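Contents: one structure, followed by commentary.
In this note's numbering, the protein residues as written are 1 to 755.
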C-alpha cells in the first residue's frame, strides 16, 4: 500500500528534547509509519498509509504540550454552511462560527492561501483580518519583560563599577515575579513535560536554575542574605530573547521550501466557454486553460497554447537568462511571464506542480538526519542527566570546600544555566537546512543528507558527453552515399530518443526528405537501430553495428570528420555499408569553465562517451578534461566507472544513463526540471548547466565544514563554560548570555553557507 507524507509546522519546539517528544507523540497516531522532526525548520514530516486529520494531529501535539503553528483568519460570510466548508479544507485546523453569526474564525496552516479560504467561504465572503502571529505576540511579551529587567541590568552595572546595590528587596521581588512566573512559564511547563516524557532538555535546566535562584532570593528576602532575583529574571529574558533570534535565523536557513511554494500566485484567470473567471490557483485542474498577462507569475505547470513571450524561471531553476516560449513549450508554475500574453493549458494541479514537488523534496531532505549528527544525538541523550549530576557535585563540592551554602548553590545554578545543550542540538540540523536550501535556490536538488555527505567527498566526476557537456542538438555537417541516404536514415530515426536521431530528423526536414514508414525498428544499445524500409533491410549506427566492412572512402571521410569532432553514423542496406552521415554537436556554454573549476578544487574530470574515441578525445581536450574515453556502451560505462579513483560521481541526462547513474557512488541527473531528473538520481540539476556540478560540490563541502565547525564550537563551549561555572567564574546572568551566544554562533556560522 502506498504511503503519503504530510508536513506539519509545530509550535513550541526549541531543543532536541522537544523534537524527540514530538516525534514520539506523532508516532503513536494510528497508521503512522514514520515521523521525522526537523528542529531547524520546526516541521514534522509524517508518513502514513492514510494521513491523520489535522484535528487528530493537533490533539496529539496538544497532549504532548505542543501545537500546530497556525495563523488565525477572520472571514465575513453570508451563509451558515461556510464554517463546515472551511473546516473541510486540507490546510484548515479548525473553523468556528461566531455565535452572533456573520464571521468565521479560521485557524489554518501558514501555507493556506487566502484566495482558497475565500472561495470555500462562499459568495460574498471577505477577509476581515489576520490575528497577530505568534512571533509578534512573543515580541510584545519579551519587550515588556526586558523593560521589567532593565533595573536589574542597571544594578549589575553599578555593582561592577564598585558601587552598592540600590534596588530595594521588595522592588526586586515585584520586578522578578512576573518574569519568572509568566514569561518563564514556557520553561517551567516544558520542564514538567520533559520529566513526564522522560526526555529532559533545555527547559528542565533553565527552570531548575531560575527557580532555585528565585527561591533562594525569596528565602533570603525574609531571612537576611544576598538576593539573586536578577539571576532568575535576566536568565529567562536572555534565553527567551536568544531563542527568538535563533528561531528567526533557523527559519531563514530552512526557508527554501516555503519560498518555492510562495512563488505561484494565489489566483488565476481561467478561460471558460462563457469568457473568463478569476479562481484560486489551487482550484485549477489538468486541462484547464488560463490567460497569463505580461509580468504575471504562472499559476500552474502547463504548455503554451497561444502567444509568444520570454519567461523568467530563475526563482525555480536558477536560470538567470529569460527563456523564450512559444506554442507547445512547457512552462513552470511560479516562473514570471515577460512582455507577451500567453494562453496556457494546465498539465498539473497545484499540489502536483514541479514547484510543489521540489518543495516537498527539499523539506524531506531537511528533515533527514545527517551522518555527522549521530554523535550529537548520542551526546544529547545523556548530556542533561550528566549536567544534573555535575550541578549536584558542584554544590556538594562547594560545601565540602567551606563555601557558604548560598554561594555553592549559586555555582550549581550557574552550571545548570550555562549547560543548556541548545548549540549542540542545532549544530548539524541548521547547517544541513542552510546547505540544502542554498543548493535548491541554485537549481540543485539533493535527495537526503547522506547524498549531501557523499557529494562533498567526491574525488572524480565522470560526465556523459551528449546533452551533458554538449548541447545535445547535433547538426548534419557532411554526408556520403546516394540520394536516398538521408531519407532512409530519417525513416529509421522516427521516434528515436537519441540526440543523433533528432539531428538526422532535423536535417531531413530541412532537405525536404520526408521519411518513409519503417517496420520492425529495433534499438541496439550503444550501437544504433535496425529495421526494414519498404523492401530494404537497413541498419543505422556506428561501425560495430554494420554487417560488413566499411568501404575505404567512407572510412577515410569518417576519420577526417572525427578529427574535427564530428560523429560518424553509417547506413547499411542489406549486407553492405552504403552511406555515411557526419553530425557535430557544440559544447554547452560554461562547460569548459565548470571543468576548470572542478580541477581547481582537486576533482578529477573524465568523459565517458558512446561516441568514437577520436571524437571523445577532441571534445575532451577542448574542454580541458583530465581523460576522455569513447566508444563505450552503457555496460562499458558502468565498467569504466569501477576503474576510476573514487568516490565517483556520474553526471548524465537522467534517462539514457540510468545504469551509470546507479553504478556511481553518486548519480547526478542533468535535465531541465523534468520528472526523470527528480527521480533518476540522488542529486538532480534543474537546468542543463554543467556549471552547477562544481557549485553543488562546493556548497556540499561548505555545508560539511559548517557542521564540523558547529559541533566543535558546541563541544568547546561546554568544555570551557562548565568548569568556569563550577569554579564561580561566571554569574547566572553571564552564563545565560554565554549560552545564548553559543547558540547564535552556530546559527550564524550556518547562515554563511547561503552567502
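Yeah, the Cβ is synthetic: ideal placement off N, Cα and C, and Gly gets one too. A quick note: this is a predicted structure, and the numbers were derived from the prediction, not measured.
### Task
Below 8 Å CB to CB, which residues in the same chain sit around residue 1 once its five sequence neighbours on both sides are set aside?
With a pLDDT of only 48 at residue 1, under 50, the local geometry of the prediction cannot be trusted, and the value read off the model is given with reservation. Cβ neighbours of residue 1 beyond the five flanking positions: 49.
### Message
Counting beta carbon pairs with one atom in the region 535–551 and one in the region 563–580, are three or more of them shorter than 8 Å?
### Response
At 8 Å Cβ cutoff, the stretches touch.
### Task
Check the C-beta distance from residue 335 over to residue 313 and give it rounded, since I have them as a contact under 8 Å.
4 Å
### Task
Identify which residue in 501, 480, 279, 418 has its Cα closest to the Cα of residue 490.
501
### Query
Can you give the Cα-Cα distance for residue 203 and residue 719, rounded to whole angstroms?
21 Å
### Message
Judging by CA-CA distance, which residue of 225, 32, 299 is the nearest neighbour of residue 269?
### Response
With distances taken between Cα atoms, residue 269 lies closest to 299.
### Query
Any idea if residue 609 is buried or exposed, counting beta-carbon neighbours within 10 angstroms, 16 or more meaning buried?
buried
### Query
Between the region 474–486 and the region 653–668, are three or more C-beta pairs nearer than 8 Å?
no
#### Entry: residue 206 to residue 141 span [Cα, whole Å]
18 Å
### Task
Verify whether the separation of the beta carbon atoms of residue 384 and residue 736 is less than 8 Å.
no
### Message
According to DSSP, is residue 739 part of a helix, a strand, or is it coil?
### Response
helix
### Message
For residue 453, report the span of its alpha helix (DSSP H) as first-last.
### Response
For residue 453, the uninterrupted alpha helix (DSSP H) segment begins and ends at 449–456.
### Query
Taking only runs of the beta strand (DSSP E) that begin and end inside the region 261–335, which ones reach a length of at least 3 residues, in chain order?
For the beta strand (DSSP E) assignment, the uninterrupted runs of no fewer than 3 residues enclosed by the region 261–335 are, from N- to C-terminal side, 267–272, 275–280, 289–292, 302–306, 309–312, 323–325.
### Whole-angstrom distance between residue 545 and residue 688, CA atom to CA atom
30 Å
### Task
Can you say whether residue 223 is buried or exposed, counting buried as having 16 or more other CB atoms within 10 angstroms of its CB?
exposed
### Message
Quick check on the DSSP output: the alpha helix (DSSP H) that includes residue 613 runs from which residue to which?
### Response
613–623
### Task
Please say whether residue 428 and residue 412 have beta carbons closer to each other than 8 Å?
no
### Task
Could you please give the first and the last residue of the uninterrupted beta strand (DSSP E) stretch that includes residue 45?
Taken as a continuous stretch (DSSP letters only), the beta strand (DSSP E) holding residue 45 covers 43–48.
#### Entry: residue 742 to residue 239 span [Cα, whole Å]
11 Å
### Task
Buried or exposed for residue 529, please, with buried defined as at least 16 other CB atoms from any protein chain shown within 10 angstroms of its CB.
buried
### Message
Our contact map puts residue 605 next to residue 625 with C-beta atoms below 8 Å; I'd like the distance itself, whole angstroms only.
### Response
5 Å
### Query
Among residues of its own chain, excluding the 5 on either side of residue 326, which ones have a beta-carbon nearer than 6 Å to its beta-carbon?
308
#### Entry: Segment contact flag, the region 446–463 with the region 701–721, C-beta cutoff 8 Å, min 3 pairs
yes
### Query
If you draw a straight line from the alpha carbon of residue 185 to that of residue 177, how long is it in whole angstroms?
Their Cα atoms are separated by approximately 11 Å.
### Message
What does the Cβ neighbour count give for residue 172, buried or exposed, with the cut at 16 atoms within 10 Å?
### Response
buried
### Task
Identify every run of the alpha helix (DSSP H) within the region 46–122, keeping only runs that are complete inside it and at least 4 residues long; order them along the chain.
54–64, 82–87, 114–121
### Task
Round the Cβ separation of residue 566 and residue 584 to the nearest angstrom and send it over; I've been treating them as touching at under 8 Å.
4 Å
### Query
In terms of DSSP beta bridges, what is residue 539 paired with?
530, 572
### Query
Counting Cβ pairs closer than 8 Å, one from the region 439–446 and one from the region 457–473, do we hit at least three?
no
### Query
Under the three-state reduction of DSSP, which class applies to residue 748: helix, strand or coil?
helix
### Message
Runs of 4 residues minimum, wholly inside the region 556–605: which ones carry the alpha helix (DSSP H) assignment?
### Response
Here the runs fully enclosed are 591–600.
### Query
Alpha carbon to alpha carbon, how far is residue 232 from residue 191?
16 Å
### Query
Going by the CB atoms, is the gap between residue 426 and residue 697 shorter than 8 Å?
Not closer than 8 Å, so no.
### Task
Report the rounded CA-to-CA distance for residue 445 versus residue 645, giving the unit in angstroms.
Their Cα atoms are separated by approximately 25 Å.
### Task
Kindly list the residues whose CB is nearer than 6 Å to the CB of residue 349, restricted to its own chain and excluding five residues on each side of it in sequence; keep chain order.
285
### Task
For the region 114–125 and the region 65–83, state whether three or more C-beta atom pairs, one from each stretch, are separated by less than 8 Å.
With the rule of 3 Cβ pairs closer than 8 Å, the region 114–125 counts as touching the region 65–83.
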